[in-house]
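Trainee: Please read through the structure below; I'll follow up with questions.
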Amino acid sequence: MDIKVYVVLYSHIDVGWGYYWGPSLEYIERQNNVIAFSALNLIKNDPDFKWTVDNVYVIRRLLRDFPALQDFIISALKESRIEVSPPAVAISPLYIDGESLIRNVLLGREFYEKLGVKKHSPVFIAFDVTCHHPQLPQVLRKLGFECYVPGRPDMKAYKLKGVPIEFIWEGLDGSRVLCNRVSYGWAYVELKEPLSVKTWSEGAGGIIQHLEKKVADIYEEVEPPYIIYIGRDWHEFHPAICELIRYWRSKGRKVVIATPSEYFKHLSKKKLKVVKGDLDPVSWAAIYGVGGDIVRYNIIKAVNALLNCEKTCTIASLYGRKYPYRKIKKAWYHIAISWHHDMSHGYVSQIDCEKWIKILKNIRFWALSEIKHAVNYLASKINTVWTKGTPLVVFNTLPWRRVDKASLKIVLPEDLVPRVYDYKGNTVSCQVKVLRKIGDKRLVKVEFIAEVPELGYRVYDLR
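Here it is as structure tokens:
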């Protein structure tokens, strides 16, 4: 059958926002399980059903609570009955830093690889997030994605900007990804209400007329095949949703339940317009309040500390120190979750906001402590016998050479005017500030200009 319409059954699940389920994320996660069960029920009982989900957060929690389902879920994944867009959660491209975006994808993929699922979706779903910046095509292609779904802003806004429904998006470096900008709530239908007051044929017929109108509105003057998403936030799948699609097909429409990747493999055969630059440079950015700023501030501080922790601990491990793999992995997972578009926008309750800020601060404090231990370990391995005074070891965790101010506090004899020397015996520009006297000694702050190679160290002599 020459398919004309690919119907994707999708339920959008947030980390935040849905506090009508309860006062904290715990209750939202419990509802996530309800949604997942409605999907698994249909996977079990209807051969046509396929489930699309845009994060691994839901599956991970489901398997934590119900480990007996693991074999069933693995089987469904391998049979392409479940398709997951690989990020750990549905992130916001506007706010997330580059390293966190990469880790989000890698953590998601690693989760499924541990389940024995090697095939990854080529489609990056970005439903409910805005501000798709022009470097994304390059990043997406390097991560192995060929297709992108920019689900926001509203489709009317895209139309006013001259962005077609199907297009090729070209990034700053010329990288390209296939795109379809259909929003996930645009073709939503509810079966329960019409079927409660009408016969099956009457109720289903009315719903199909609604869907036909939506397809016509969305894909005006566009050649098939088309894709539509039936679902919305925390959409519980109706037991007869597949029967509805079969009924639609019986009326002559070439329609099938599918996953996004099934549709996108046909999109490459179409002649599409190339769109360059930002897809949406502003959109909702202004509506999120200071709560989001506070969360993102703590995320970025945790990310920076954790990156430096990884580097110093990796180098120290080459000299015999044990690498804290599990703790670093757990820290990255918490950071990945915090980058969900609702969490990072501050759309969480006060209870959850305080909880996650505490988690992020603890990650940062732990990372800084681990850096100190790793640096001290490395310093103990460095040959400083050439120094005549107090050896100073300055580390640089950046991937480029750095010339910058270094400082330390040290207790010295009162009559000593300290100088700093490099390994060649040359004096280095320095400044000494007396902080306070301690008996016949004094606590001083020494500042000097250090020149340190990329991802390396330099030894100086204080005397």
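Counting in my numbering, the sequence shown runs from 48 upward without gaps.
Even for Gly, the Cβ is constructed at its ideal location relative to N, Cα and C.
Note that the structure is a prediction, hence the values are computed from the model and not measured.
Which same chain residues end up closer than 7 Å to VAL475 when comparing Cβ atoms and leaving out the 5 residues on each side of it in sequence?
Mentor: The residue labelled residue 475 in the question sits at position 428 within the sequence shown. Cβ within range, chain order: VAL467, TYR468, ASP469, PHE495, ILE496, TYR507.
Trainee: Report the rounded CA-to-CA distance for PHE192 versus SER243, giving the unit in angstroms.
Mentor: The count along the sequence shown starts at 1 and reaches residue 192 at position 145. The count along the sequence shown starts at 1 and reaches residue 243 at position 196. Answer to the nearest angstrom: the Cα atoms are 43 Å apart.
Trainee: Work out the CA separation of TYR344 and LEU353 for me, nearest whole Å.
Mentor: Residue mapping note: residue 353 aligns to position 306 of the sequence shown, counting from 1. Residue mapping note: residue 344 aligns to position 297 of the sequence shown, counting from 1. One C-alpha to the other measures close to 14 Å.
Trainee: Any idea what DSSP makes of VAL269, helix, strand or coil?
Mentor: For the purposes of this step, residue 269 is taken as the residue at position 222 of the sequence shown. DSSP places VAL269 in coil when its eight states are reduced to three.
Trainee: From the DSSP output, which residues share a beta bridge with LYS456?
Mentor: Translated into positions along the sequence shown, residue 456 becomes position 409. For LYS456, which the question treats as bridged, DSSP gives the partners LYS492.
Trainee: Tell me which same chain residues have a C-beta within less than 7 Å of the C-beta of TYR266, skipping the five on either side of it?
Mentor: For this step, residue 266 is matched to residue 219 along the sequence shown. Here the set comprises ILE212, TYR273.
Trainee: Pick out whichever of GLY486, GLU498, LYS484 has its Cα sitting closest to the Cα of ASN473.
Mentor: Start at 1 with the first residue of the sequence shown, and residue 473 comes out as number 426. The residue with the shortest Cα to Cα distance from ASN473 is GLU498.
Trainee: Among all the DSSP beta bridges, which residues are the ones paired with GLY503?
Mentor: Here residue 503 refers to the residue found at position 456 when the sequence shown is read from its first residue. Answer is ASN443.
Trainee: Say whether the segment 389-403 touches the segment 117-124, bearing in mind that this needs 3 or more beta-carbon pairs closer than 8 Å, one atom from each stretch.
Mentor: No, because fewer than three Cβ pairs between the segment 389-403 and the segment 117-124 fall closer than 8 Å, the two stretches do not touch.
Trainee: With a 10 Å radius around its C-beta and 16 neighbouring C-beta atoms as the bar for buried, classify ILE275 as buried or exposed.
Mentor: In the sequence shown, counting from the first residue as 1, residue 275 sits at position 228. The residue is buried, with at least 16 neighbouring Cβ atoms inside 10 Å.
Trainee: Here's the rule: buried if 16 or more other CB atoms are within 10 angstroms of the residue's CB, otherwise exposed. What is TYR372?
Mentor: Numbered from its first residue, the sequence shown carries residue 372 at position 325. Exposed, since its Cβ has fewer than 16 Cβ neighbours within 10 Å.
Trainee: Check LYS323 in the structure and name its three-state DSSP category.
Mentor: By 1-based counting over the sequence shown, the position of residue 323 is 276. Reduced to three states, the DSSP call for LYS323 is strand.
Trainee: What residues in its chain sit with their C-beta under 7 Å from that of VAL450, if we drop five residues either side in the sequence?
Mentor: Residue mapping note: residue 450 aligns to position 403 of the sequence shown, counting from 1. Correct list, in chain order: ILE496, GLU498.
Trainee: Report the rounded CA-to-CA distance for LEU509 versus LYS166, giving the unit in angstroms.
Mentor: Here residue 509 is taken as the residue at index 462 of the sequence shown, counted from 1. Here residue 166 is taken as the residue at index 119 of the sequence shown, counted from 1. Going from the Cα of LEU509 to the Cα of LYS166 covers about 57 Å.
Trainee: Can you grab the Cα-Cα spacing for the pair ALA383 / ASN151, in whole Å?
Mentor: Along the sequence shown, read from residue 1 onward, the residue named residue 383 stands at position 336. Along the sequence shown, read from residue 1 onward, the residue named residue 151 stands at position 104. Those two C-alpha atoms are separated by around 5 Å.
Trainee: Helix, strand or coil for LYS51 per DSSP?
Mentor: Counted from its first residue, the sequence shown places residue 51 at position 4. In this structure, LYS51 counts as coil in the three-state DSSP scheme.
Trainee: Pull up the CB-CB distance for GLU417 and CYS360, whole angstroms please, since I reckon it's below 8 Å.
Mentor: Translated into positions along the sequence shown, residue 417 becomes position 370. Translated into positions along the sequence shown, residue 360 becomes position 313. That pair is a contact at about 6 Å.
Trainee: Label LYS97 either buried or exposed according to how many other C-beta atoms from any shown protein chain fall within 10 Å of its C-beta, with 16 as the threshold for buried.
Mentor: As a first step, residue 97 must be located in the sequence shown, where it is residue number 50. Counting Cβ neighbours within 10 Å, LYS97 comes out buried, since at least 16 surround it.
Trainee: Would you mind stating whether VAL103 and ALA83 have Cβ atoms separated by less than 8 Å?
Mentor: Here residue 103 corresponds to residue number 56 of the sequence shown, with the count starting at 1. Here residue 83 corresponds to residue number 36 of the sequence shown, with the count starting at 1. No, Cβ-Cβ distance for VAL103 and ALA83 is not below 8 Å.
Trainee: Rounding to the nearest angstrom, what Cα-Cα distance links ASN227 and ASN355 in this structure?
Mentor: Here residue 227 refers to the residue found at position 180 when the sequence shown is read from its first residue. Here residue 355 refers to the residue found at position 308 when the sequence shown is read from its first residue. Taking the straight line from one Cα to the other gives about 38 Å.
Trainee: For PHE158, which of helix, strand or coil comes out of DSSP?
Mentor: Within the sequence shown, the letter at position 111 stands for residue 158. Reduced to three states, the DSSP call for PHE158 is helix.
Trainee: For the alpha helix (DSSP H) that ARG300 lies in, which residues bound it at each end?
Mentor: What you label residue 300 is simply residue 253 of the sequence shown in a count that begins at 1. No alpha helix (DSSP H) contains ARG300, which DSSP labels as neither H nor E.
Trainee: How should ASN430 be labelled, buried or exposed, when 16 other C-beta atoms within 10 angstroms of its C-beta is the threshold for buried?
Mentor: Against the sequence shown, residue 430 aligns to sequence position 383. Per the 10 Å Cβ criterion, exposed.
Trainee: Just mark PHE171 as buried or exposed, buried being the case when its beta carbon has 16 or more other beta carbons within 10 Å.
Mentor: Translated into the one-based positions of the sequence shown, residue 171 becomes position 124. By the neighbour-count rule (16 or more Cβ atoms within 10 Å), PHE171 is buried.
Trainee: For the beta strand (DSSP E) holding TRP216, just list the boundary residues, first then last.
Mentor: As a working note, residue 216 is residue 169 in the sequence shown. Per DSSP, TRP216 belongs to the beta strand (DSSP E) from 213-217.
Trainee: If you follow the alpha helix (DSSP H) that ARG373 is in, where does it begin and where does it stop?
Mentor: Position 326 of the sequence shown holds residue 373. Here the alpha helix (DSSP H) through ARG373 covers 372-385.
Trainee: Relative to the C-alpha of PRO286, which candidate in TYR74, VAL186, LEU89, HIS59 has its C-alpha closest?
Mentor: Your numbering for residue 286 matches position 239 in the sequence shown. With distances taken between Cα atoms, PRO286 lies closest to LEU89.
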